[in-house]
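One structure is given here, and the rest of the page talks about it.
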Amino acid sequence: AFQQMIKALEELDQNDEEAILTKKLMLHAKVYARMSPDHKAMLIDFIQQNSKLMVAMCGDGANDCKALKTADVGLSLSEAEASIAAPFTSKIPNISPMIRLLREGR
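Terminal number for the sequence shown in the numbering used here: 107, no gaps in between.
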């Protein structure tokens with residue numbers, strides 16, 4: 002269903018108000034949760050292709066590897082599987098290191 006929604010948004014009918022609203026929501030939301038690994042990567046790719054925004058991703062497991070690689074800034078919050086895929090790794094198990102990472106212009 003998510004893949005179909007992304008495809009539908011890419012082929013957006015400019016007269017379909019619901020599709021336009023959905024696209025705006027996806028491009029302006031700040032935090033997404035409870036998504037499959039493939040859906041995370043698809044969403045990041047969608048945002049990158051449809052905006053000029055930099056996309057950051059935090060992850061703590063193997064299911065986040067694809068999205069961490071796809072994002073402009075990938076931050077692993079563990080030293081497990083995700084740390085191999087992410088350009089940056091933190092020993093602090095929350096998103097606070099992302100602020101410092103972005104401040105440093107990484």
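Cβ atoms here follow ideal geometry from the backbone N, Cα and C, with glycine treated the same way. These numbers were taken from a predicted model, which means no experiment stands behind them.
Item                                                                                                                        : Value
Under three-state DSSP, which class holds Ser52?                                                                            : coil
What three-state label does DSSP hand Ala57 in the structure shown?                                                         : strand
Can you give me the start and stop residues for the alpha helix (DSSP H) that Ser97 sits inside?                            : Ser97 to Arg104
Beta strand (DSSP E) containing Leu76: first to last residue?                                                               : Val74 to Ser77
Going by Cα to Cα distance, which pick from Asn16, Lys25 and Ala68 is closest to Pro38?                                     : Ala68
Given a cut-off of 9 Å on the beta-carbon distance, is the pair Thr90 and Ser79 in contact?                                 : yes
Using CA coordinates, which residue listed in Ile48, Asn95 and Ser77 is at the minimum distance from Lys24?                 : Ile48
From Ala87 to Ser77, what distance separates their C-alpha atoms?                                                           : 6 Å
Got a sec? Which residues, its chain only, sit under 7 Å from Thr71 by beta carbon, not counting five neighbours each side? : Ala42, Ile45 and Asp46
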